[in-house]
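Sequential numbering from 165 applies to the sequence shown in the working numbering.
C-beta: ideal position from N, C-alpha, C; glycine also.
Below is one structure, written out as structure tokens, with a few remarks after it.
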Amino acid sequence: MERKKIAVTMGDPAGIGPEVVVKALSEKRIYEKCIPVVIGDYEALQDAIHFSGLDLSLKEINDFEEATGEFGTVDFINLNYLRPGGWKYKENSAVCGEAAFQYVVRGIRLAMEGKAAAVITAPISKESINLAGHHYSGHTEIFAEYTGTKDYAMLLASGNLRVIHVTTHCALSEACRRIRKERVLTVIKLADKGCRMLGIAEPRIGVAGLNPHCSENGLFGTEEASEIIPAIQEAEKLGIQVAGPEPPDTVFVKCKAGMYDIVVAMYHDQGHIPLKLNGFQWDEGKRQFRSVRGINCTIGLPIIRASVDHGTAFGKAGEGRANADSMLDAMEAGLRMAGNK
């Protein structure tokens with residue numbers, strides 16, 4: 165089987181992005197499945213290899229097609245935004261924000277040109293990219309604008325628990341205002357599509373309510389009756405296997421138990437909290453995470469995008485302590501989605 169080429173964006177240089185990228189690429193199994201090409205900067209990648217104690221070398225290429233995908237050698241496109249000593253770990257800055265933003269834009273361009281089968285993204289700092297003058301609230305919005313996509317949603321997955329969001333990066337009060345039938349229906353459709361891209365032939369979708377106890381027939385709100393239930397009914401008419409709304413405090417448990425393949429969450433934290441409780445495992449004896457698993461995909465784009473399900477982790481950046489499980493999961497998910505596209 166021909167190995168697909170994937171673009172891996174390095175993330176914010178001041179965070180753990182470069183580290184989790186090189187650690188993931190120290191795993192031989194990745195090269196058995198694909199040819200990864202890192203979009204980043206030599207200085208940060210070389211430093212991450214050094215402080216992580218990895219036996220890897222870097223090969224700078226000018227064109228994506230030059231990548232050979234030899235294990236032990238990291239093919240990378242050097243955007244030259246960093247200079248030795250020109251940035252600091254653990255700190256937001258316009259320098260790092262500009263670099264991280266441009267890595268993402270280059271990755272999107274490569275995928276839109278058909279050169280990269282998928283774009284896998286390491287974490288960026290929203291504060292840093294805004295300091296650099298790029299006013300986006302995250303990767304999802306950057307990908308949507310640069311691909312001209314109107315209807316899209318964030319899908320998270322960890323093991324058999326999958327979540328897709330009706331709203332994400334906005335104030336909670338604004339999220340409530342955005343719960344409208346049209347948007348809920350769109351995300352139900354995207355949930356069905358995203359599951360199929362991940363290899364689930366007949367997705368079963370559970371929809372969370374917005375209010376406690378799904379409003380108790382109007383005692384705690386009206387959104388379930390006026391917006392969510394009508395959207396579910398429309399989706400059923402389209403032949404989608406969907407149920408709900410389910411109380412938010414039980415629907416994720418049912419998904420983890422196998423009753424649903426994915427949950428449609430109404431707002432950011434409603435979906436993120438159960439996902440990270442499921443995927444992040446703490447080792448009390450060693451006082452560190454023994455597992456940081458989970459992926460973040462943008463569904464609805466004309467290209468494949470998968471990402472780690474964690475942030476820049478400035479607190480441990482530059483120290484060699486970062487866990488690459490989520491980056492490995494993201495690479496494998498991106499390849500799976502590219503194969504099912």
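| Item | Value |
| --- | --- |
| Can the beta-carbon of Ala-171 be found closer than 8 Å to that of Ala-296? | no |
| With a Cβ-Cβ cutoff of 8 Å, do Val-143 and Ile-241 count as a contact? | Lying outside 165 to 505, the shown extent of the chain, residue 143 is not represented and no answer is given. |
| From the DSSP output, in three-state form, read off Ile-213 for me. | helix |
| Under DSSP, the beta strand (DSSP E) around Arg-326 begins and ends at which residues? | 325-329 |
| Are the CB atoms of Lys-345 and Ala-395 nearer to each other than 8 Å? | yes |
| Inspect the CB distances between the region 325-333 and the region 425-437 and report whether three or more fall short of 8 Å. | yes |
| Do the region 475-492 and the region 174-183 make contact, defined as three or more Cβ pairs closer than 8 Å? | yes |
| I'd like to check one pair, Ser-216 with Val-186: are the Cβ atoms closer than 8 Å? | yes |
| Between the alpha carbons of Gly-233 and Leu-218, how many angstroms are there, rounded? | 17 Å |
| On the criterion of 16 or more Cβ atoms from any shown chain inside 10 Å, does Asp-493 qualify as buried, or is it exposed? | buried |
| Is the beta carbon of Thr-313 closer than 8 Å to that of Pro-411? | no |
| Just the Cα atoms here: how many angstroms apart are Val-428 and Lys-254? | 34 Å |
| Starting from the C-beta of Ala-308, find all residues in its chain whose C-beta is less than 6 Å away, skip the five residues before and the five after it, and write them out in chain order. | Tyr-316 |
| Closest to Pro-409 by C-alpha separation, out of Pro-376, Gly-175 and Ile-463, would be which residue? | Pro-376 |
| Please list the segments of the alpha helix (DSSP H) lying wholly inside the region 244-301, counting only runs of 4 or more residues, in order along the chain. | 258-276 and 290-295 |
| Rounded to whole angstroms, what is the Cα-Cα separation between Met-318 and Glu-229? | 30 Å |
| Measuring CA to CA, which of Gly-503, Ala-477, Ala-365 and Ser-322 is closest to Cys-419? | Ser-322 |
| When burial is assigned at 16 or more other CB atoms within 10 Å of the CB, is Arg-247 buried or exposed? | exposed |
| My guess is that Thr-350 and Ala-339 are in contact by the Cβ rule of under 8 Å, so how many angstroms apart are they, rounded? | Actually they are not in contact, since the Cβ atoms of Thr-350 and Ala-339 sit about 15 Å apart, beyond 8 Å. |
| Buried or exposed for Asp-356, going by 16 or more other Cβ atoms inside 10 Å? | buried |
| Relative to the C-alpha of Ile-272, which residue among Tyr-310, Gly-385 and Ile-364 is closest? | Tyr-310 |
| Expressed to the nearest angstrom, what Euclidean distance is found between the alpha-carbon atoms of Ile-500 and Pro-287? | Reading off the sequence shown, one finds Arg at residue 500, where the question assumed Ile. Approximately 21 Å, taken between the alpha carbons. |
| First and last residue of the beta strand (DSSP E) that includes Phe-240? | 237-242 |
| Go through the region 440-473 residue by residue and report every complete run of the beta strand (DSSP E) that reaches 3 residues or more, in order. | 444-447, 452-456, 459-463 and 469-472 |
| Taking only runs of the beta strand (DSSP E) that begin and end inside the region 370-436, which ones reach a length of at least 3 residues, in chain order? | 405-410 and 426-429 |
| Which residue's Cα is closest to the Cα of Gly-443: Gly-449, Arg-451, Met-430 and Arg-457? | Arg-457 |
| May I have the straight-line CA-CA distance separating Ile-463 from Leu-320, to the nearest angstrom? | 10 Å |
| Just to confirm the assignment, what range does the alpha helix (DSSP H) spanning Ser-190 have? | Unbroken run through Ser-190: none, as it is neither H nor E. |
| I think Arg-368 touches Tyr-300, with their Cβ atoms under 8 Å apart; what is that distance to the nearest whole Å? | Their Cβ separation, rounded to whole angstroms, is 33 Å, which puts Arg-368 and Tyr-300 out of contact at 8 Å. |
| Please name the residue or residues paired with Leu-319 in a DSSP beta bridge. | Ile-328 and Cys-461 |
| For Glu-309, report the span of its alpha helix (DSSP H) as first-last. | 303-310 |
| Quick one, which of Trp-251, Lys-440, Lys-353 and Leu-220 has its alpha-carbon nearest Ile-404's? | Lys-353 |
| On a CA-only basis, which of Cys-334, Ile-364, Asn-381 and Thr-414 is nearest Val-371? Give me that one, please. | Thr-414 |
| Taking Cβ positions only, does Ala-263 come closer than 8 Å to chain B? | Within the model displayed, chain B is absent; a lone protein chain is all it includes. |
| Going by DSSP in three states, Ile-343 sits in which element: helix, strand or coil? | coil |
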